[in-house]
Each structure stands twice: as C-alpha cells, then as structure tokens.
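I have placed the structure first, in the form of structure tokens, so that the comments after it can refer back to it.
Numbering (mature numbering (1 follows the signal peptide of the UniProt record, and there is no 0)), first residue to last: -25 to -1, 1 to 142.
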C-alpha cells in the first residue's frame, strides 16, 4: 500500500513539476523590456507593484535589485528534473524500492524550493524598501480589493447549502 502511495505521489509530482517548470521559469524571469511594471501579477512577492507609479530613481533601483536577485533558475529546474527522473527510475526498477533513497531525493527537491522561496522573499523585501508609504498603502488597498473580489466570486460560485428540511 505504501509503495502504491509513493508511486502515485511521484507520478503526480513528476507531472506537476513538468507542467509547472515553465510557469516557474516565467515567474522568475525578468519582465519583458526591463524592470517596467513588474510584468504582471505575482512579480517577486509584490503582485500589485504594476499599479504603482514609480519615480525614475525607483525604476533604476528596481532594475538593479532584479538583476542582482536573479539566480540561475534554469539550472535549478534542470537539477529538479534530474531528481524527479531518479525517483521515477527507482520506482520503475524491479525489486524492493529503497524508500530512503526516495526520501533523500525528495529532500533535495524541497531544498531547491526553499532556496527559491527565500530568494523571492529577499527580493520582495528589497523592493519594499525602495517604496514610499503611499505606494505601499496603494498596494495594500489593491490587495484588499482583489481579496474582496475573490471572496465574492467564491460566494457566487459555491454549491448550494444542503437542504436540511428534506430529511
């Protein structure tokens, strides 16, 4: 039973990694045309930075931050792909599966993800530090409006409550 669960999780995880690899690369790639307006939602932990008017000095600082904070995600994605392939190879080999090897490979994948998240957050902190109080308030207001809209969408699309009167 445990082997089947690990196999299923690895297959699903491998497929998800394959599908999300391009999204991760796109998410961490510098925006088209330089720093611009951050290339859309989700940019380096400041998803609504595109709605804020930056000064020329802020644009210059932002560009420098993004250039400094751009690790080699393609190499990490290749490494992660190889780790997933090793897991798949272990699961496709006849005989008893060495679960400790799989756990070790999973830990390496988790470490890559943690490093990416830490780098993303450090970039977001550096971006935060170049923004004014008014700009941060504007971002907060946009976040609140979007959260409210998401909540309204969830309420509108939620299934109807079970009708207890029919029991």
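Where a beta carbon is used, it is the ideal one built from N, C-alpha and C, also for glycine. Please read all numbers here as calculations on a predicted model, not as lab measurements.
Q) Nearest-angstrom Cα distance between residue 101 and residue 119? A) In a straight line, the C-alpha of residue 101 is about 22 Å away from that of residue 119.
Q. Secondary structure at residue 52, three-state DSSP: helix, strand or coil?
A. In this structure, residue 52 counts as helix in the three-state DSSP scheme.
Q. With a CB to CB cut of under 8 Å and the five nearest residues on each side skipped, what residues in its chain are close to residue 10?
A. In this prediction, residue 10 scores a pLDDT of 38, lower than 50, which makes its location untrustworthy; no coordinate-derived value is stated.
Q: Whole angstroms is fine: what's the gap from residue 105's alpha carbon to residue 27's?
A: Cα to Cα, residue 105 sits roughly 12 Å from residue 27.
Q) To which residues of the same chain is residue -21 closer than 7 Å at the C-beta, ignoring the five residues directly before and after it? A) Residue placement at residue -21 is flagged as unreliable, the pLDDT there being 46, under the threshold of 50; a coordinate-derived value is accordingly withheld.
Q.
By the DSSP assignment, the alpha helix (DSSP H) with residue 148 in it spans what residues?
A. As displayed, the chain neither begins before -25 nor continues past 142, which places residue 148 out of reach and without an answer.
Q) Excluding the five sequence neighbours on either side, which residues of its own chain have a C-beta within less than 6 Å of the C-beta of residue 87, listed in chain order? A) Once the five neighbours on either side are set aside, the close Cβ partners of residue 87 are 51, 55.
Q: Helix, strand or coil for residue 47, going by three-state DSSP, please let me know.
A: Judged by DSSP in its simplified three-state form, residue 47 adopts coil rather than helix or strand.
Q: Ignore the nearest five residues each way along the sequence and tell me which others in residue 114's own chain have a CB closer than 8 Å to its CB.
A: The residues are 21, 23, 24, 26, 27, 106.
Q. Between which two residues does the alpha helix (DSSP H) containing residue 117 stretch?
A. For residue 117, the enclosing alpha helix (DSSP H) begins and ends at 108 to 132.
Q | Other residues of its chain near residue 110: CB distance less than 7 Å, five sequence neighbours each side excluded | A | 27, listed in sequence order.
Q | Rounded straight-line distance, which links the Cα of residue 68 to that of residue 81 | A | If you draw a straight line from the Cα of residue 81 to the Cα of residue 68, it comes to about 18 Å.
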